[in-house]
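Right, one structure below, let's go through it.
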Amino acid sequence: MSSHQKSASRLLKNDIVLLAILVVVALILFPIVSHSKKPGAYALVELDGDEYATLSLDTDTTLTVTTDQGTNTIVVHNHEVSVESANCPDLICVNHAPISLTGEVIVCLPHKLVITIKSDNPAKESEGSIDAIAE
Amino acid sequence: MIRKNIKYYALAALVIITVAVALCLRLWGGTETTYETSFFAMDTYMSVKGTGTDAQGAVEAVRDAIIGLDGDLSVTNSKSLVYELNENGSCTADSDMEYLIDKSLYAGELTDGAFNICIYPIMREWGFTTGEFKVPEASVLSALCSNLASSEVTSNTQDKSVHLSEGTMIDFGGIAKGYATKVAVDILNGKYIKSALINLGGNVYALGKKPDGSLWNVAVKSPDDSMKYLGILSISDKAVITSGGYERYFEEGGVTYHHIIDPSTGYPADSGAKSVTVVSSDPTLADALSTAIFVMGRDKATTLWRENSSLFDFIYYDNSGNLYITEGIKDEFSSEISFEIIEK
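These protein sequence lines are chains A and B, in that order. The working numbering puts the first residue of the first sequence at 34, with every later residue one more than the last. The working numbering puts the first residue of the second sequence at 192, with every later residue one more than the last.
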């Protein structure tokens, strides 16, 4: 082998090693990065099936959602979520008791608004927890 | 220059290796997946979750079937079969309507009329169907009740024709979600889904067991602010359906009027029940019974249950805060409050 070919094969080997390392690093980082949302419980607000907002239950807040369908005022207070007011005809969302546990849902059907309590922490949702609420 | 080409080859090799690894993981990780979908139908929010080899196909088939059913059963949709029946007083039933009429008449007999699909004109008068709530005139309700008492639905099993007597209009609202659940379960079973959780606006069906082999935990919502749940059921292959006045009501003149109308009076049922939950492997029947028991009250419901204890169980919470369960579910039910077991 000429010295030119020898050094070429070593360089190629180094390239492959570098690429392999990058792949491994990417595979390790990807799942970590994709799960870096808010820790703990939060309320997912969806409009017509699309994610509109996420509200941490840790912070008291008021969110007014106005669309062509109508207006709903969502309140997070004391780790619970409720709909304080709305201009839908049946007010079922307003009459609904505040929700706070993973899986609980308040729906405003006329406005296509869905509020779901979610938890990022799988440990909270382990044994003994509730899979569904009959209501 | 040679190095550049090799670099591209290396990159290509990398991509191929990554894809190959991903595929292998997919195969070695087992062929079962869990798929969940949520959608609006029958005036409520629904979600279906299933685990199996074709979970996505099965769950989406369920969603499509329920949305189709919604269109077919809607009283307000002029294209629905029910609308045609109510408009013309007759129609040719499809298999869904056949099943529903059959089951509805059966539930009506079982409950002595406490469940009655002919209640539609009364529901409409109160505004529960349109959202324009009002307390009807007593004379109007009285006339509607006599009308209801003489309402008849007849179906011919040979030519599938259905006839309504004069002035009769039906609404499957009190049984539709239960039937949709049955349709969903049939589809999931047909696609070999052994583990699923169906939630149709609070009507829950737990199919099989959870993917980890444990029973499904279904909580029963409490109508009171003082506690979240009346209790939790650990179940498999059962429907859990709750009825309560607190779900839909309006206030007028300081009085609360809820949507569970007693067919014999035309007014919201006043039997002492605050929340009734029926547990059964027959979701259609469970839906009808949950409404009926709320109208009947605990004593009549207990008599009914003692004669049919293999068909269903129920949980009864009354206006005084007392909780009762029938003994068929005593091993499945747990609660933070005390409850009495109704024995056979």
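Think of the CB as a built atom: it goes at the ideal place given N, C-alpha and C, for glycine as much as any other residue.
What in chain B is Cβ-close to residue i, meaning under 9 Å?
i: Glu-163/A; result: Position check: residue 163/A holds Ile in this sequence, whereas Glu was assumed. By Cβ distance, chain B contributes Asn-408, Val-409, Ala-410, Tyr-420, Ile-423.
i: Ile-125/A; result: Glu-438, Arg-439
i: Leu-90/A; result: Those within 9 Å of Leu-90/A in chain B number zero; the least Cβ separation is about 15 Å.
i: Leu-142/A; result: Phe-231, Asp-234, Thr-235, Tyr-236
Run through chain A and tell me which residues come within less than 9 Å of residue i, C-beta to C-beta.
i: Ala-201/B; result: Leu-45, Asp-48, Ile-49, Leu-52
i: Leu-205/B; result: Ile-49, Leu-52, Ala-53, Leu-55, Val-56
How about residue i and residue j: are their beta carbons less than 9 Å apart?
i: Ile-452/B; j: Trp-317/B; result: yes
i: Asp-545/B; j: Met-288/B; result: Because chain B in this structure spans residues 192 to 535, residue 545/B falls outside the shown range and cannot be described.
i: Thr-95/A; j: Ala-119/A; result: no
i: Tyr-311/B; j: Asp-362/B; result: yes
i: Tyr-437/B; j: Pro-459/B; result: no
i: Lys-382/B; j: Asp-490/B; result: no
i: Thr-433/B; j: Asn-394/B; result: yes
i: Leu-388/B; j: Ser-427/B; result: no
i: Thr-149/A; j: Glu-79/A; result: yes
i: Val-486/B; j: Gly-519/B; result: no
i: Glu-223/B; j: Pro-402/B; result: yes
i: Thr-482/B; j: Cys-336/B; result: no
i: Ile-484/B; j: Tyr-507/B; result: yes
i: Leu-502/B; j: Asp-473/B; result: yes
Could you spell out the range, first to last residue, of the beta strand (DSSP E) harbouring residue i?
i: Ser-337/B; result: Here Ser-337/B belongs to no beta strand (DSSP E); instead the alpha helix (DSSP H) covers 329 to 340.
i: Val-431/B; result: 429 to 434
i: Asn-380/B; result: Per DSSP, Asn-380/B belongs to no beta strand (DSSP E); it is in the alpha helix (DSSP H), 367 to 381.
i: Leu-264/B; result: No beta strand (DSSP E) contains Leu-264/B, which is instead part of the alpha helix (DSSP H) from 246 to 264.
i: Ala-167/A; result: 165 to 167
i: Val-140/A; result: 138 to 141
i: Ser-425/B; result: 420 to 426
i: Ala-84/A; result: Inspection of the sequence shows that residue 84/A is occupied by Glu rather than by Ala. That run of the beta strand (DSSP E) goes 83 to 89.
i: Thr-345/B; result: 344 to 346
Which partner residues of residue i appear in the DSSP bridge assignment?
i: Phe-230/B; result: Met-237/B
i: Asp-490/B; result: None; Asp-490/B has no bridge partner.
i: Tyr-508/B; result: Ser-466/B, Leu-514/B
i: Pro-131/A; result: For Pro-131/A, which the question treats as bridged, DSSP gives no partner whatsoever.
i: Asn-105/A; result: Val-98/A, Ala-119/A
i: Ala-74/A; result: Ser-152/A
i: Val-395/B; result: Asn-390/B, Val-431/B
i: Thr-224/B; result: Gly-243/B
i: Tyr-448/B; result: Phe-441/B
Given a threshold of 16 other Cβ atoms within 10 Å of its Cβ, counted over all protein chains shown, does residue i qualify as buried or as exposed?
i: Gly-512/B; result: exposed
i: Lys-429/B; result: buried
i: Ser-265/B; result: buried
i: Ile-54/A; result: exposed
i: Arg-254/B; result: buried
i: Thr-372/B; result: buried
i: Pro-414/B; result: buried
i: Asp-164/A; result: buried
i: Asp-416/B; result: exposed
i: Gly-404/B; result: exposed
i: Ile-61/A; result: exposed
i: Tyr-370/B; result: buried
Just reading off the alpha helix (DSSP H) that residue i is part of, what are its end residues?
i: Trp-412/B; result: Looking at the sequence itself, residue 412/B is Lys, so the reference to Trp does not match. Here Lys-412/B belongs to no alpha helix (DSSP H); instead the beta strand (DSSP E) covers 407 to 412.
i: Val-486/B; result: 474 to 487
i: Asn-279/B; result: 272 to 279
i: Glu-289/B; result: 286 to 301
i: Glu-316/B; result: 311 to 317
At 7 Å on the CB atoms, spell out the chain A contacts of residue i, in chain order.
i: Leu-388/B; result: Asp-164, Ala-165
i: Lys-198/B; result: Asp-48
i: Thr-433/B; result: Ala-167, Glu-168
By the criterion of Cβ-Cβ separation under 8 Å, what are the contact partners of residue i in chain A?
i: Phe-363/B; result: The contacting residues do not exist; Phe-363/B stays about 19 Å from chain A at best.
Residue i versus chain B: which residues are under 7 Å apart at the beta carbon?
i: Leu-146/A; result: Those within 7 Å of Leu-146/A in chain B number zero; the least Cβ separation is about 10 Å.
i: Val-57/A; result: The contacting residues do not exist; Val-57/A stays about 11 Å from chain B at best.
i: Val-138/A; result: Tyr-236
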